[in-house]
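Below is one structure; the comments refer to it alone.
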Amino acid sequence: MTGQEFSSSLSNWRSRNKSRLLLVIATLFWMGLYTYPSLFTPYLEEVGATLTQSGLILGGYGFTQMILRLPLGIWSDYLQKKKAFVIAGMTAALISALGLMFTQEIGMIFIFRAMGGVAAAFWVQVSALYMNYKVDDSTSAVGHLGFVNSAGIIVATFIGGQIIARFGYPKGFGLGAVFAAIGLMLCFLLPEDKAEIREDGQAGLSVLEGLKLSLHDKGLIWGSLFAAVSQFLSYSSAQGFVPQYASNLGVSASHISIMVTISTLARLIAIVLVSKILLRFFRPKQILTASMLVNALLLFTIPFSKNYLILLIIMFLLGIVSATQMTYFMDAATSHIPSERRATALGFFQAVYGIGMVVGPAVTGAVADVYSLSQAFIVAAFVGLASVALMIWKLPDRAAIRK
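Sequential numbering from 0 applies to the sequence shown in numbering that gives the first Met the number 0.
As C-alpha cells, this is what we get:
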C-alpha cells in the first residue's frame, strides 16, 4: 500500500467511525478526571486542609468551568473548529492529574484541581461535536453522552479508589494522567471539523450575537438555573462531603470508593432505564419536581445515618435523582437550539450549572467548619426544598423534553 492509499484509507476510517471514536475519547476524558474525587475530601484532610479550604478547592473545579464554558462555547461556534478545543481539554486534564501527583501544598492543589475544571469546561465542545455528528437525533445523542460520562466515571472511580487504597494517592493521580494521555493521542485521529453554514451564509456566531440569543431563551435559562440547584446539592453531598462524612465514621478508603462507584452506577441506570420508564407515566415537570423533593429529603437523612449500608443506599438514590435531573434539564435547555449555536447554548447551560458546583461545596464547607457536617447537609436540604417551590411556580408544564 502506497503512502497516498494509506492516507486515503485512514481518512475514510476516521470519517466512518468518528462518532464511535469521539465516544471513546469522551469516556477517557472523564476517566482522566475521576480516578481520585471519591476520596478527595479525606485526602485534603490528610494534607492539612480545613473543611472551608476543602470546600473552596472543590468549588475551584466548578469555578473555572463556570467562567470558561460560555466563552469557550461562543468562541468555538464562531471558529467552527471544535476538534482543537477537544484536544485542549484533554491536555488540561493531563496537566491537572500530573500536577496533583507531584504536590501536597494546599495552594497548588487548588490550582491543579481548578485546572481539572478548565478541562471539564471543554466538555461543551465534546458534547457539541457529538451532537453535530448526531444532528437528526439530539435526544439520543444526549443519552449517549450521559452514558459515556457515567461509564467513564464509574470505571475511573472504582479502579482509582482501589489503587489509592492500596498504593496511595499519588498513584491514583498518576492513573488519571495515563487515561488523559491515551485520550489525547486518540484526539488526533478525529477528522477535521467542517464549518456549519447558516442560512445567511455566515459560518459562525459573533460573541455578542451568541450571548444575546442565550439570554433571551427562557427554556435555556430556566433549565440551566434548576440544573445549578441540582449541582449545588450534588457537590454538597455525593460528589462533595459524604465521603468525608463516611471517613469520619471510620469507613475505609476502599469502601468509600465502592460507595461512590455505586452512586455513579445509579446515575447510569437512571440514564438508561429510569428516564424512559418515568416518561411513560409522568410529565417532565412532575418528574423533575419529585426528583428534587426526593433529593432534599435524602440530604435530611444523612446526619441520621451512622452505618455504611444506609449510606450506600442513600448514595445510590442520590445518583438516581441527580442523573434524572441533569439529563432532563440539559435536553429541556438545549434540544431546541439550532446546531450552529448549540455549543453556545451548551456553554451557557454548563456555565450556569457550574455556579452550583462552586457555591454548593463552598457553603457546605463553611457551614461544616462553623457548626458540623450534619448541619451543613441540613442547610443543603433546605436549599433543595426551596427549589421545589420555585419549580412548581416557574417550570413550564409542557412537553419541553422530547420522548
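Just so you know, even glycine gets a beta-carbon here, dropped at the ideal spot from N, CA and C.
Just so we're clear, the structure is a prediction, and the values are computed from it rather than from any experiment.
Compare the C-beta of Ile270 with all C-beta atoms of chain C and state if any pair is closer than 8 Å. Considering every chain present, this structure includes no chain C. It has just one protein chain.
Does DSSP put Ile220 in a helix, in a strand, or in coil? helix
When we look at the beta-carbon of Arg401 and count the other beta-carbons within 10 Å, is it buried (16 or more) or exposed? Since pLDDT at Arg401 reaches only 44, below the 50 mark, its modelled position is unreliable, and the value read off the structure follows with that caveat. With fewer than 16 other Cβ atoms within 10 Å, it is exposed.
How big is the Cα-Cα spacing for Phe376 and Leu78? 43 Å
Quick check: the Cα distance between Leu71 and Gln64, rounded to an integer number of angstroms? 10 Å
Between Ser290 and the rest of its own chain, which residues show a CB-CB distance below 7 Å, the 5 nearest in sequence each way excluded? Val320, Thr323, Gln324
Label Tyr370 either buried or exposed according to how many other C-beta atoms from any shown protein chain fall within 10 Å of its C-beta, with 16 as the threshold for buried. exposed
Given this structure, state the Cα-to-Cα distance separating Ala332 from Glu45, to the nearest angstrom. 40 Å
Cα-Cα separation, Thr343 to Leu219: 11 Å
Enumerate in chain order the residues of its own chain whose CB-to-CB distance from Thr51 is below 7 Å, with the five nearest sequence positions on each side excluded. Gly364, Ala365, Asp368
For Leu188, which three-state DSSP category applies? coil
So, is Leu310 buried or exposed, given that buried needs 16 or more other C-beta atoms within 10 angstroms? buried
Using alpha carbons as the reference points, say which of Lys305, Ser253, Val228 lies closest to Val358. Val228
Length-filtered (3 minimum) beta strand (DSSP E) runs lying within the segment 98 to 184: none
Start-to-end residues for the alpha helix (DSSP H) that takes in Thr260: 252 to 268
Does the distance from the C-beta atom of Ser256 to that of Ser37 stay below 8 Å? yes
When the distance is taken between beta carbons, is Ala118 closer than 8 Å to Leu32? yes
Between which two residues does the alpha helix (DSSP H) containing Thr333 stretch? 307 to 333
Go to Lys284, then tell me how far its alpha helix (DSSP H) extends in each direction, as first and last residue. 283 to 300
Quick check: the Cα distance between Thr34 and Phe240, rounded to an integer number of angstroms? 17 Å
Exposed or buried, which one is Phe5 when buried takes at least 16 other CB atoms within 10 Å? Per-residue confidence for Phe5 stands at a pLDDT of 46, beneath the threshold of 50, marking its modelled position as unreliable; the derived number appears in the next sentence. Exposed.
Would you mind stating whether Leu292 and Leu317 have Cβ atoms separated by less than 8 Å? no
Looking at C-alpha atoms only, which residue of Val378, Gly346, Gln349 is the closest neighbour of Ala361? Val378
Are the CB atoms of Leu188 and Leu345 nearer to each other than 8 Å? no
Which class does Arg279 belong to by DSSP, given the choice of helix, strand or coil? coil
Residue nearest to Ala388 in terms of C-alpha spacing, selected from Ala295, Tyr307, Ser373: Ala295
Given Pro242 as reference, the closest of Ile261, Met89, Leu67 once Cα atoms are compared: Ile261
Alpha helix (DSSP H) segment containing Gly54, residue limits: 50 to 78
6 Å Cβ shell around Glu198 - same chain, five flanking residues per side excluded: Model confidence at Glu198 stands at a pLDDT of 47, short of 50, so the residue's coordinates are unreliable; what they give is reported in the following sentence. Nothing listed; no residue qualifies.
According to the Cβ coordinates, are Phe405 and Gly98 closer than 8 Å? Shown here, the chain extends from 0 to 402; a query on residue 405 therefore has no answer.
In three-state DSSP terms, what is Thr40? helix
In terms of alpha-carbon separation, which member of Gly54, Ile73, Ile301 lies closest to Ala245? Ile301
By Cβ distance, which residues of its chain are closer than 7 Å to Leu224, with the 5 residues on each side in sequence left out? Val351
Taking all protein chains shown into account, do 16 or more other C-beta atoms lie within 10 angstroms of the C-beta of Met390, making it buried, or fewer, making it exposed? buried
Any idea what DSSP makes of Gly88, helix, strand or coil? helix
Taking the C-alpha atoms as reference points, what is the distance between Met114 and Ala96? 9 Å
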